[in-house]
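Peer 1: Below is the structure I would like to discuss, written out as structure tokens.
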DNA sequence: ATCCTTGTTAGGAATCATTCTTATATAGCA
DNA sequence: TGCTATATAAGAATGATTCCTAACAAGGAT
């Protein structure tokens, strides 16, 4: 999904944010992928066009964008935080092997709040559903090599084990 | 929920784990609370009876218990990991203010997998639902003091801001 | 009951994503 | 064009967790 500089400008202005080249580039990189990248992956991506950018700026920018609601964080692995510019209600498929995160758009999942048995004294504002399992690539890889794992391409975590 | 040494022994043996006093104490502390404590909170608790225990042992033990399926991790905040000895399928209420985590037992939420629109090539093994909002204590606190937050008692995170 | 083997524990050092600090630069308004 | 507040870059600091290693102990075998 391509996003124009004008769209970015409009969204930033609507939140009272200054429109700087670095900030726009970070948001653009995130908005144009569905891979739920880490801050470091975004840094790598943006550094192609802005070689002098610091990781710090990426962290600061993501924090700012999160605070105004333009990005969301996800962190299913107690691992590096991953980011998502899709802030509409949606849910996730999470591969237990390669750790890829896929979006699910299923309106019916947005309705479960009405039916769930939630204590009356808890005020619910939002909810989220995660499905855990194996993506098609990892299923095929497992069929081939039942032992090893995480060898095909997706954005992955580097550090820490499952 | 009190758990006997015999139950602990049985569960450990069933997973081929040695039954050591430290390990039993850690599991007991976790199994007897619903507060989803951090590793450090468990360390503090167990240290009352085992003053020489090291944080390391708590981490190692929790990792071991997780690997055999006796405990689960949750990490909604990209913060310290929190643990749960309730490994049956259940879902969570999460307070955005004090960060308390409450269990929901609602069988109907276990059924949503059948109805959700999930790509056929993704093999789902489990799923989980989280509801975000404000617990009753925080609602009251906000009514009193609309500005500040997180002043009432629950197990909290110490570091990093929301 | 004692010995052995192997998994467990304690302690200290190391890791590394993230945050903090500070000085410089720049967006955007007057 | 100049001002002011905010953003950026660079480096240092933080802190939960992991790594490493030596001493220890559970529990099966003798």
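Protein chains in written order, with the working numbering: chain R, 4 to 165; chain X, 4 to 165. Just so it is clear, CB atoms sit at the ideal spot from N, CA and C, and this is done for glycine as well. Quick caveat, the model's predicted, so the values are computed rather than measured.
Going by C-alpha distance, which of X:131, X:112, X:49 is nearest residue 79 (chain R)?
Peer 2: Counted from its first residue, the first chain places residue 79 (chain R) at position 76. For residue 79 (chain R), the nearest C-alpha among the options comes from X:131.
Peer 1: Give the interface partners of residue 135 (chain R) over in chain X, defined as CB-CB distance under 9 angstroms, in chain order.
Peer 2: Along the first chain, one-based indexing puts residue 135 (chain R) at 132. Per Cβ cutoff of 9 angstroms: 127, 128, 129, 130, 131.
Peer 1: On the three-state DSSP scale, how would you describe residue 136 (chain R)?
Peer 2: Mapped onto the first chain, residue 136 (chain R) falls at position 133. Looking at residue 136 (chain R) - three-state DSSP - the assignment turns out to be strand.
Peer 1: Within this structure, are the beta carbons of residue 121 (chain X) and residue 39 (chain X) separated by less than 9 angstroms?
Peer 2: Translated into the one-based positions of the second chain, residue 121 (chain X) becomes position 118. Translated into the one-based positions of the second chain, residue 39 (chain X) becomes position 36. In this structure, residue 39 (chain X) does not lie closer than 9 angstroms to residue 121 (chain X) by Cβ.
Peer 1: May I ask you to list the residues that DSSP assigns as paired with residue 87 (chain R)?
Peer 2: Counted from its first residue, the first chain places residue 87 (chain R) at position 84. Bridge partners of residue 87 (chain R): R:75.
Peer 1: Under the rule that 16 or more other beta-carbon atoms within 10 Å means buried, what is residue 31 (chain X), buried or exposed?
Peer 2: As a first step, residue 31 (chain X) must be located in the second chain, where it is residue number 28. So residue 31 (chain X) counts as buried.
Peer 1: With 16 other CB atoms within 10 Å as the buried threshold, where does residue 90 (chain X) fall?
Peer 2: Numbered from its first residue, the second chain carries residue 90 (chain X) at position 87. With fewer than 16 Cβ atoms within 10 Å of its Cβ, residue 90 (chain X) is classed as exposed.
Peer 1: So is residue 61 (chain R) buried or exposed if we call it buried at 16+ other beta carbons inside 10 Å?
Peer 2: By 1-based counting over the first chain, the position of residue 61 (chain R) is 58. Label assigned to residue 61 (chain R): buried.
Peer 1: When the Cα atoms are used, what is the spatial distance from residue 6 (chain R) to residue 140 (chain R)?
Peer 2: For this step, residue 6 (chain R) is matched to residue 3 along the first chain. For this step, residue 140 (chain R) is matched to residue 137 along the first chain. Whole-angstrom Cα-Cα distance: 29 angstroms.
Peer 1: Output, in sequence order along the chain, the residues in the region 59 to 75 of chain R whose CB is closer than 7 angstroms to any CB in chain X.
Peer 2: Answer set for the region 59 to 75 of chain R: empty.
Peer 1: Would residue 117 (chain X) pass as an interface residue toward chain R - the criterion being a Cβ-Cβ separation below 9 angstroms?
Peer 2: If you number the second chain from 1, residue 117 (chain X) lands on position 114. It does not: the Cβ of residue 117 (chain X) has no partner Cβ on chain R nearer than 9 angstroms.
Peer 1: Here's the rule: buried if 16 or more other CB atoms are within 10 angstroms of the residue's CB, otherwise exposed. What is residue 44 (chain R)?
Peer 2: Locating residue 44 (chain R) in the first chain gives position 41, counting from the first residue. Residue 44 (chain R) is buried by the Cβ-count criterion.
Peer 1: Which residue comes first and which comes last in the alpha helix (DSSP H) that contains residue 29 (chain X)?
Peer 2: The residue given as residue 29 (chain X) occupies position 26 in the second chain. Element bounds for residue 29 (chain X): 24 to 34.
Peer 1: So with CB distances below 8 angstroms, who are the chain X contacts of residue 124 (chain R)?
Peer 2: Counted from its first residue, the first chain places residue 124 (chain R) at position 121. The contacting residues are 138, 139, 142.
Peer 1: Could you spell out where the beta strand (DSSP E) holding residue 96 (chain X) opens and where it closes?
Peer 2: For the purposes of this step, residue 96 (chain X) is identified with residue 93 of the second chain, where counting begins at 1. Its beta strand (DSSP E) spans residues 94 to 98.
Peer 1: Just how far apart, CA to CA, sit residue 68 (chain R) and residue 146 (chain R)?
Peer 2: Taking the first chain and counting its residues from 1, the one referred to as residue 68 (chain R) is at position 65. Taking the first chain and counting its residues from 1, the one referred to as residue 146 (chain R) is at position 143. So the alpha carbons of these two residues sit roughly 41 angstroms apart.
Peer 1: Using the rule of at least 16 other Cβ atoms within 10 Å of the residue's Cβ for burial, across every protein chain shown, is residue 23 (chain R) buried or exposed?
Peer 2: Locating residue 23 (chain R) in the first chain gives position 20, where the first residue counts as 1. So residue 23 (chain R) ends up on the exposed side.
Peer 1: With 9 angstroms as the threshold, decide whether the Cβ of residue 120 (chain X) is near any Cβ in chain R.
Peer 2: Here the question's residue 120 (chain X) lines up with position 117 in the second chain. Yes, residue 120 (chain X) lies at the interface with chain R (some Cβ there is under 9 angstroms from its Cβ).
Peer 1: With 16 other CB atoms within 10 Å as the buried threshold, where does residue 180 (chain X) fall?
Peer 2: In the structure as shown, chain X begins at 4 and stops at 165. Residue 180 (chain X) is therefore absent and cannot be evaluated.
Peer 1: Between residue 33 (chain R) and residue 77 (chain R), which are expected to be in contact by the criterion C-beta below 8 angstroms, what is the C-beta distance as a whole number of angstroms?
Peer 2: Your numbering for residue 33 (chain R) matches position 30 in the first chain. Your numbering for residue 77 (chain R) matches position 74 in the first chain. Contact doesn't hold; Cβ gap of about 12 angstroms is too wide.
Peer 1: Since residue 46 (chain X) is in the alpha helix (DSSP H), which residue starts that stretch and which ends it?
Peer 2: Translated into the one-based positions of the second chain, residue 46 (chain X) becomes position 43. Element bounds for residue 46 (chain X): 42 to 50.
Peer 1: Verify the CB distance criterion: does residue 111 (chain R) have a CB-CB separation below 9 angstroms to chain X?
Peer 2: In the first chain, counting from the first residue as 1, residue 111 (chain R) sits at position 108. Interface residue, yes.
Peer 1: For residue 98 (chain R), decide whether its Cβ has a neighbour in chain X, counting only Cβ atoms nearer than 9 angstroms.
Peer 2: Taking the first chain and counting its residues from 1, one reaches residue 98 (chain R) at position 95. By this cut-off, residue 98 (chain R) is an interface position.
Peer 1: Please classify residue 49 (chain R) as buried or exposed, where buried requires at least 16 other C-beta atoms within 10 Å of its C-beta.
Peer 2: Start at 1 with the first residue of the first chain, and residue 49 (chain R) comes out as number 46. Result: buried.
Peer 1: Would a check of beta-carbon distances place residue 6 (chain R) closer than 9 angstroms to chain X?
Peer 2: Indexing the first chain from 1 puts residue 6 (chain R) at position 3. Not one chain X Cβ lies under 9 angstroms of residue 6 (chain R).
Peer 1: With respect to the alpha helix (DSSP H) encompassing residue 106 (chain R), which residues constitute its N-terminal and C-terminal limits?
Peer 2: For the purposes of this step, residue 106 (chain R) is taken as residue 103 along the first chain, with counting starting at 1. It is not in any alpha helix (DSSP H) - residue 106 (chain R) instead sits in the beta strand (DSSP E) that spans 104 to 107.
Peer 1: Got a sec: is the Cβ-Cβ distance from residue 39 (chain R) to anything in chain X below 9 angstroms?
Peer 2: Here residue 39 (chain R) is taken as the residue at index 36 of the first chain, counted from 1. No, no contact with chain X.
Peer 1: Can you tell me whether DSSP reads residue 126 (chain R) as helix, strand or coil?
Peer 2: Here the question's residue 126 (chain R) lines up with position 123 in the first chain. Residue 126 (chain R): strand per DSSP, three-state reduction.
Peer 1: Distance cutoff 9 angstroms, beta carbons only. Does residue 107 (chain R) sit that close to anything in chain X?
Peer 2: Position 104 of the first chain, counted from the first residue, corresponds to residue 107 (chain R). At least one chain X Cβ lies under 9 angstroms of residue 107 (chain R).
Peer 1: Is any beta-carbon of chain X found at less than 9 angstroms from that of residue 81 (chain R)?
Peer 2: On the first chain, residue 81 (chain R) is found 78 positions in, with the first residue counted as 1. So yes, residue 81 (chain R) belongs to the interface.
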